[in-house]
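Residue numbers (full-length UniProt numbering): 1 to 305.
Read the structure below first, then the notes.
Below is the structure:
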């Protein structure tokens, strides 16, 4: 199934601007008052969780610990992913302080509740400076087993091919750049794929052959395309995630900056396929450089019970 009703989120203990990742994440902005920003992020996080639960999504919340300091722990989808066959994949991370997130209790929480049949640990690739940051680096069409990914310093083809071999996925690779022609650091800031609707900033693909291949792959798998421009990309409109409520109804989760960036026709296109679930995470977006999708780690594992 493409979507899930269960997500895991990390409640931050010391959310902060991360200089390790700001090197190639052009969305990040350092706050003037770090303490106030951390407090505001907690408020936004709790409101996000409450909104998901009110809409019938099961949310597992794991409280982060102050030490070791992991300023980006609020974005757990980068270091692990789970799959319906019981596979759990661990990923090689570029940021050294982000690697510490793997040791903070999340895996134990998953093992208690879900039937993990095998663990595929790609994290040793860090020693070769080969990185693949989970469902940030990849946008997965789980139904058709396609991994969409743009080349970047955080997304290496050798690591992608290892993922594809282990999980029996095929790759749709392309180059993507922002308005200033800098490589886009994560695929999930410029596109997402749901049951029927795909959202993508095609303007970000500088090579016409790769742009046509991406459009063809989406079309051939039955997706309707909602095309974004650079203004919308910069407001995190590419960083959405489709989930479903307890009755199976589709919800498209996004930030209020993303929703505000869409025009009336695009909003109607979203509403034909999903209920838009819009959350206020203004401070988290600005300081962390990630948005609504980055904060959600989808749980596709079978339950132990």
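Built from N, CA and C at the ideal position, the CB exists for glycine as well.
Whole-angstrom distance between residue j and residue i, CA atom to CA atom
i, j, result
"residue 113", "residue 298", "14 angstroms"
"residue 96", "residue 70", "10 angstroms"
"residue 119", "residue 264", "44 angstroms"
"residue 277", "residue 226", "17 angstroms"
"residue 73", "residue 269", "33 angstroms"
"residue 24", "residue 185", "Confidence is the limiting factor: at residue 24 the pLDDT is only 49, short of 50, which leaves the residue's position unreliable and the question unanswerable from this model."
"residue 65", "residue 10", "10 angstroms"
"residue 189", "residue 115", "31 angstroms"
"residue 257", "residue 89", "31 angstroms"
"residue 57", "residue 305", "19 angstroms"
"residue 224", "residue 295", "25 angstroms"
"residue 202", "residue 183", "14 angstroms"
"residue 212", "residue 279", "33 angstroms"
"residue 13", "residue 38", "8 angstroms"
"residue 159", "residue 53", "35 angstroms"
"residue 170", "residue 140", "10 angstroms"
"residue 22", "residue 153", "Residue confidence for residue 22 is low, a pLDDT of 44 falling below 50, so the modelled location carries little weight and cannot support an answer."
"residue 167", "residue 149", "15 angstroms"
"residue 308", "residue 84", "No information on residue 308 is available, as it lies outside the stretch 1 to 305 that the chain covers here."
"residue 67", "residue 15", "12 angstroms"
"residue 86", "residue 272", "32 angstroms"
"residue 110", "residue 267", "35 angstroms"
"residue 324", "residue 6", "Lying before the first or after the last residue shown, residue 324 is absent from the chain, which here runs from 1 to 305."
"residue 303", "residue 60", "13 angstroms"
"residue 28", "residue 79", "Low per-residue confidence applies at residue 28: pLDDT is 44, beneath 50, and the placement is therefore not dependable enough to give any value."
"residue 143", "residue 210", "22 angstroms"
"residue 127", "residue 77", "21 angstroms"
"residue 81", "residue 274", "24 angstroms"
"residue 43", "residue 49", "10 angstroms"
"residue 17", "residue 290", "In this prediction, residue 17 scores a pLDDT of 49, lower than 50, which makes its location untrustworthy; the coordinate-derived value is nonetheless stated afterwards. Using only the alpha carbons, I get a separation of about 11 angstroms."
"residue 55", "residue 237", "21 angstroms"
Three-state secondary structure (DSSP) of residue i
i, result
"residue 32", "Note that residue 32 has pLDDT 43, beneath the 50 cutoff, so the model's placement of it is unreliable and no number is given."
"residue 281", "coil"
"residue 113", "helix"
"residue 84", "coil"
"residue 8", "strand"
"residue 57", "coil"
"residue 62", "strand"
"residue 50", "helix"
"residue 2", "coil"
"residue 217", "helix"
"residue 234", "helix"
"residue 297", "strand"
"residue 107", "helix"
"residue 13", "coil"
"residue 73", "coil"
"residue 225", "strand"
Presumed contact (8 angstroms Cβ cut-off) between residue i and residue j, rounded CB distance
i, j, result
"residue 41", "residue 207", "With a Cβ gap of about 37 angstroms, residue 41 and residue 207 do not count as contacting."
"residue 232", "residue 200", "Actually they are not in contact, since the Cβ atoms of residue 232 and residue 200 sit about 11 angstroms apart, beyond 8 angstroms."
"residue 156", "residue 173", "At roughly 11 angstroms, the Cβ-Cβ gap does not stay under 8 angstroms, so residue 156 and residue 173 are not in contact."
"residue 293", "residue 239", "4 angstroms"
"residue 8", "residue 62", "7 angstroms"
"residue 316", "residue 163", "A query on residue 316 cannot be resolved here, the shown segment of the chain reaching from 1 to 305 and no further."
"residue 255", "residue 287", "Wrong, their Cβ atoms sit about 13 angstroms apart, outside the cutoff."
Any non-hydrogen atom of the ligand SAM within 7 angstroms of residue i CB
i, result
"residue 62", "Questions concerning the ligand SAM fall outside what the structure shown contains, since it holds no ligand whatsoever."
What runs of the alpha helix (DSSP H), each 4 residues or longer, lie entirely inside the region 117 to 183? 134 to 137, 157 to 167
At 3 residues or longer, and completely inside the region 242 to 294: list those beta strand (DSSP E) runs for me, N to C. Those beta strand (DSSP E) runs which fall completely within the region 242 to 294 and span 3+ residues are 250 to 255, 275 to 279.
Is the region 2 to 13 in contact with the region 191 to 211, if contact means three or more CB pairs nearer than 8 angstroms? Counting C-beta pairs with one atom in each stretch, the region 2 to 13 and the region 191 to 211 have three or more that are closer than 8 angstroms, which means they touch.
Completely contained beta strand (DSSP E) runs for the region 182 to 215, where each covers 3 or more residues: Segments of the beta strand (DSSP E) lying fully in the region 182 to 215: 191 to 193, 197 to 200.
Quick check: the region 136 to 149 against the region 92 to 109, are at least 3 beta-carbon pairs closer than 8 angstroms? no
Would you check if there are 3 or more beta carbon pairs closer than 8 angstroms linking the region 203 to 219 to the region 247 to 256? no
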